[in-house]
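Before any comments, here is the structure.
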Amino acid sequence: MYDIAIIGLGPAGSTLARLLDKKYKVIAIDKKNPEISKCCGGLLSPDAQKILAQFDICLPKDVLVDPQIFSVKTIDINNNIENFYQRFYINMNRLKFDNFLISLIPNNIEICDDSICKKIEQEDNIFCITLKTKKTERTEKAKIIIGADGANSIVRNTFYKKNKIHKYVAIQEWYENSVNSPFYSCIFDKEITDSYSWTISKDDYFIVGGAFPPNDSNMRFEMLKEKVKNSGIFFEKLVKREGCFVYLNKSIMSTCTGKNRVYLIGEAAGMISPSSLEGISYAMESAKILAEIINKDCENIGYRYFMKTLKIRIRLIFKILKIPFMYNKFLRKLIMKSGIKVIRKHSTKNT
Ligand SMILES: Cc1cc2nc3c(=O)[nH]c(=O)nc-3n(C[C@H](O)[C@H](O)[C@H](O)COP(=O)(O)OP(=O)(O)OC[C@H]3O[C@@H](n4cnc5c(N)ncnc54)[C@H](O)[C@@H]3O)c2cc1C
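Per this note's numbering, residue 185 is the first one in the sequence shown, and the count goes up by one each step.
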């Protein structure tokens with residue numbers, strides 16, 4: 185019998201597992217293959233950097249990738265405008281980042297990183313978790329369940345199904361790259377998606393991806409690639425293709441922190457920016473808040489966790505308010521034409 189079962193060891197689950205007091209008997213479960221990365225831009229935002237600084241965590245060099253990029257090229261295909269904006273991200277290898285956070289989890293936590301959580305049932309005050317590995321199936325019992333299992337969370341789907349949230353499909357492909365200059369771009373095109381698409385360079389690879397409505401995501405992704413090719417980008421050999429669900433939190437009511445000994449952190453709680461899809465900072469911050477509350481042995485964890493995540497929800501409200509300015513063609517044109525915060529590129533032409 186465990187005091188706490190954490191389902192998912194992304195940035196949210198591994199942060200929580202690292203911070204929980206040793207007095208608790210904790211099991212942390214993840215289905216991930218340590219060789220396969222989550223489909224992600226792998227950009228560490230200033231907010232995420234700040235949380236790492238609060239934890240006094242420095243990133244090892246091998247988590248970073250080449251090159252570090254200081255601006256985003258915003259391509260508005262519908263209005264035919266391109267602008268550069270300054271950005272303060274760290275370009276990193278997402279797989280190595282996740283594995284690094286897991287490496288910080290203390291030994292007292294029992295890690296099952298080869299197990300998929302198939303089912304969670306409640307029997308009186310105990311939760312029975314059915315775990316499946318390649319060869320076996322077994323049941324573990326816990327008094328508290330933490331859903332840190334990202335988009336399409338089994339914990340959220342089991343206990344908070346009524347709390348609806350938009351689910352998109354993210355697809356990205358990695359290509360060998362020896363000819364295209366490295367850059368990071370955000371692409372807006374209503375025909376492709378009502379969210380956004382991107383390209384990014386990482387080491388010797390050029391990555392193209394997007395977040396699409398679920399029913400015709402493949403067709404939309406092919407359309408994106410065609411448009412990127414037509415803009416002059418050369419696609420070399422395909423190295424890998426990644427995909428996952430992503431929660432698009434278009435209403436603050438879709439955020440769900442949980443109650444009655446079943447709590448959600450990170451993307452499972454809907455804590456991800458719907459405008460930029462940035463979510464690592466929310467994952468680590470929500471984990472930190474929940475760990476502090478659980479460690480204090482508080483009564484009424486659900487209520488306290490809900491209240492203490494108010495700041496996160498306020499930040500998310502601002503991100504939701506940004507949506508029309510990013511995704512409405514007319515408003516986006518106004519903003520981009522205004523020139524606010526645009527970086528003027530220095531011309532290197534010889535006279
Ligand atoms: C295409 C894309 C690009 C993104 N780019 C960025 C970016 O550049 N910067 C940024 O900050 N954010 C980005 N995000 C958002 C970011 O990836 C997430 O917000 C963040 O990973 C959430 O962390 P998490 O720990 O809550 O969930 P996740 O990182 O999704 O981790 C969930 C974990 O749970 C495990 N799991 C799931 N279900 C089960 C199960 N049933 N049994 C066992 N284990 C399970 C998974 O294996 C996974 O390890 C991006 C998202 C997408 C989709």
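By construction, the Cβ of each residue, glycine as well, lies at the ideal position given by its N, Cα and C atoms.
- Per DSSP, the continuous beta strand (DSSP E) segment holding Phe372 begins and ends at 369 to 372.
- For Gly393, the enclosing beta strand (DSSP E) covers residues 389 to 396.
- In the displayed model, Gly486 falls within a helix according to three-state DSSP.
- When the five nearest sequence neighbours on each side are left out, the beta carbons in the same chain lying within less than 8 Å of the beta carbon of Tyr389 are those of Trp358, Tyr359, Glu360, Asn361, Val423, in order along the chain.
- For a cut-off of 8 Å, the C-beta gap from His350 to Leu432 is around 4 Å, short enough to register as a contact.
- Restricted to the region 324 to 378, the beta strand (DSSP E) segments that are unbroken, complete and at least 3 residues in length are 350 to 360, 369 to 372, listed in chain order.
- By the beta-carbon neighbour count (other beta carbons within 10 angstroms, threshold 16), Ser522 is exposed.
- A heavy atom of ligand 1 is found nearer than 7 Å to the CB of Ala452.
- Here Glu321 is bridged, per DSSP, to Lys316.
- Note that the C-beta distance between Asp297 and Pro195 is not below 8 Å.
- Distance from Val430 to Leu461 at the Cβ level is roughly 6 Å; contact confirmed, criterion being Cβ atoms closer than 8 Å.
- A contact is defined here as three or more CB-CB pairs under 8 Å, and the region 246 to 263 fails this definition with respect to the region 330 to 339.
- A straight-line Cα-Cα distance of about 42 Å links Val446 and Asp260.
- Counted as a single uninterrupted DSSP element, the alpha helix (DSSP H) harbouring Gln238 occupies residues 230 to 238.
- Excluding sequence positions up to five before and after Gln252, its CB lies within less than 6 Å of the CB of Asn275, all in the same chain and listed in chain order.
- Apart from sequence neighbours up to five positions away, the residues of its chain that approach Ile213 with a beta-carbon distance below 6 Å are Ile191, Cys296, Ser299, Cys301, ordered along the chain.
- For Gly226, the shortest separation between its Cβ and any heavy atom of ligand 1 lies below 7 Å.
- Counting other Cβ atoms within 10 Å of its Cβ, Asp373 reaches 16 or more and is therefore classed as buried.
- Among the bridge pairs identified by DSSP, Thr383 is matched with Ser369, Val392.
- Where Ile213 is concerned, the enclosing beta strand (DSSP E) starts and stops at 210 to 213.
- The nearest non-hydrogen atom of ligand 1 is less than 7 Å from the C-beta of Ile300.
- With 16 or more other Cβ atoms inside 10 Å of its own Cβ, Lys503 counts as buried.
- At a cut-off of 7 Å, the beta-carbon of Lys424 does not count as near ligand 1: no heavy atom of the ligand is closer than that.
- DSSP places Arg516 within a helical segment (H, G or I) once states are collapsed to three.
- Looking at Asn402, Met403, Asp240, the one whose alpha-carbon comes closest to that of Leu203 is Asp240.
- Taking Tyr186 as reference, the option from Cys242, Asn267, Gly393, Ile313 with the minimal CA-CA separation is Ile313.
- For Arg404, the number of other beta carbons within 10 angstroms of its own is at least 16, and it is reported as buried.
- If you look at Val446, you'll find it in the beta strand (DSSP E) that goes 446 to 448.
- In the structure shown, Ser255 adopts extended strand secondary structure according to DSSP, grouped into three states.
- Given a length threshold of 3 residues, each whole run of the beta strand (DSSP E) inside the region 417 to 485 is given here in chain order: 422 to 432, 446 to 448.
- Of the residues assessed, Ala237 falls on the exposed side of the cut-off, its CB having fewer than 16 other CB atoms within 10 angstroms.
- With the rule of 3 Cβ pairs closer than 8 Å, the region 368 to 387 does not count as touching the region 472 to 484.
- Shown here, Glu406 sits in a helix according to DSSP, grouped into three states.
- Here Gly393 is buried. Its C-beta has 16 or more other C-beta atoms within 10 Å.
- At the C-beta level, Ile391 and Ser381 stay beyond 8 Å of one another.
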